[in-house]
Amino acid sequence: MTQSNKFFITTVTAAFLFGGAWSGALIPKAFAEDAAVSAAASQASTQDPIDAANQAGIQLDLDHIVDNSATILDMDYADLKDLLASGKSLMEIAQYSESNQQDFESSIISISLQGIDNAINNGLLSGDQSAQLISEVRQRISSAINQAGYQDPVPSVPQAPVVDPAQSVDLGLDKIVALSTIYLNMEYIDVEDALKDGKSLDDIAQSAGKSDSFLKSQLLDYATQNIQSAVNNETISDEQAADLKTKAEAAVVKALATPGYQDHV
Numbered sequence: 335m336t337q338s339n340k341f342f343i344t345t346v347t348a349a350f351l352f353g354g355a356w357s358g359a360l361i362p363k364a365f366a367e368d369a370a371v372s373a374a375a376s377q378a379s380t381q382d383p384i385d386a387a388n389q390a391g392i393q394l395d396l397d398h399i400v401d402n403s404a405t406i407l408d409m410d411y412a413d414l415k416d417l418l419a420s421g422k423s424l425m426e427i428a429q430y431s432e433s434n435q436q437d438f439e440s441s442i443i444s445i446s447l448q449g450i451d452n453a454i455n456n457g458l459l460s461g462d463q464s465a466q467l468i469s470e471v472r473q474r475i476s477s478a479i480n481q482a483g484y485q486d487p488v489p490s491v492p493q494a495p496v497v498d499p500a501q502s503v504d505l506g507l508d509k510i511v512a513l514s515t516i517y518l519n520m521e522y523i524d525v526e527d528a529l530k531d532g533k534s535l536d537d538i539a540q541s542a543g544k545s546d547s548f549l550k551s552q553l554l555d556y557a558t559q560n561i562q563s564a565v566n567n568e569t570i571s572d573e574q575a576a577d578l579k580t581k582a583e584a585a586v587v588k589a590l591a592t593p594g595y596q597d598h599v
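See below:
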C-alpha cells in the first residue's frame with residue numbers, strides 16, 4: 335500500500351480501533367440530555383446501532399467498502415471487482431497485493447470511525463454512547479472483508495407509482511359546464527349566471543328548448559368516443575371501458591341535475 339493511500343486515524347478513532355471501551359447505547363446527545371424523552375431514548379437503545387446512526391445522519395460509509403478498498407489497496411476498481419467475482423475475499427486480495435492485512439482492515443475501519451469522530455465533534459453523539467456502534471461497525475466490516483465475493487450493496491431505486499391507464503382517459507367530467515355551453519350554443523357567462531341563480535344544467539337545457547336527454551346524450555357521446563379510442567389503442571381493456579362508461583353516466587346524470595353545478599378546478 336502506498337504512503338498516499340494510508341488513512342489518517344485521529345486520537346479518538348485510534349482509541350476505538352485498538353480497544354478503547356466507551357460504554358453506552360447509540361442515542362443522539364440531544365436526546366440523552368433531555369429527560370422528557372427518556373422513554374424514546376430507551377427504545378432507541380434497543381435499535382440496531384448502525385440503523386440508528388444512519389437515521390441520525392452519521393456517515394459510516396459501510397456501503398462503499400469495495401470502493402474504499404480499491405483506494406487503500408491502490409488497485410484498479412475493475413480489477414478488484416473481477417477478483418471478487420472469482421470468489422476471493424477482500425482480505426485475500428489484500429494479501430495477494432502484498433498489503434499488510436491488519437493495516438488494510440484498520441484502514442477500512444478508520445473511515446467509519448472518522449464519521450463517528452465527526453458526529454461526536456458536532457454534538458450528535460457523546461463519547462460514552464459510542465462503544466456499541468464501534469463494535470457493530472467493526473463486526474460489519476470484518477464480516478464484509480472476509481466474505482468471498484463480497485459486493486457493495488446496490489442503492490435501491492424508488493419505483494414510480496403504478497398509474498392506472500384508465501385514469502388518463504378524458505371523460506369530460508371536469509368540464510361538464512364548458513361542454514354543455516358548447517352543445518347548447520350559449521354564451522358561457524349566460525350559463526354561469528343561470529347556474530348562480532340556482533338552476534341546473536337540465537333546467538338551462540329545457541329553457542333553451544332542448545329535450546331532457548339532450549345534454550346527457552351529448553356528454554356521454556364525448557366520453558364514449560374517448561373511451562373507445564383508448565380501447566382501439568389498447569390502452570385499456572374492454573372491462574375497463576365498461577367501468578368508465580358506467581362511471582361517466584353516473585357522474586353526468588348527477589351533474590346535470592345539480593342546481594348551481596360548477597366544474598371542478
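Start counting the sequence shown at 335; every next residue gets the next number (my numbering).
Backbone N, C-alpha and C fix where the C-beta goes; we use that ideal spot for every residue, glycine too.
- For the beta strand (DSSP E) assignment, the segment 415 to 486 encloses no uninterrupted run of at least 3 residues.
- By the neighbour-count definition (other C-beta atoms within 10 Å, threshold 16), G391 is an exposed residue.
- If you compare the alpha carbons of D416, I427 and A564 with that of L407, the shortest gap goes to I427.
- Where V497 is concerned, there is no enclosing alpha helix (DSSP H), because DSSP gives it neither an H nor an E.
- Under the 10 Å beta carbon count, Q466 is surrounded by 16 or more other beta carbons and is classified as buried.
- Scanning its chain for C-beta atoms nearer than 6 Å, with the 5 sequence neighbours on each side dropped, one finds around K509 the residues D597, in chain order.
- As the crow flies, the alpha-carbon of M425 is around 25 Å from that of P383.
- Straight-line measurement puts the Cα of T558 at about 24 Å from the Cα of I538.
- Fewer than three beta-carbon pairs drawn from the segment 538 to 554 and the segment 562 to 571 are found closer than 8 Å, and the two stretches are therefore not classed as touching.
- One thing to note: L578 has its Cβ no nearer than 8 Å to the Cβ of L513.
- Counting the other Cβ atoms within 10 Å of the Cβ of G457 gives fewer than 16, which makes it exposed.
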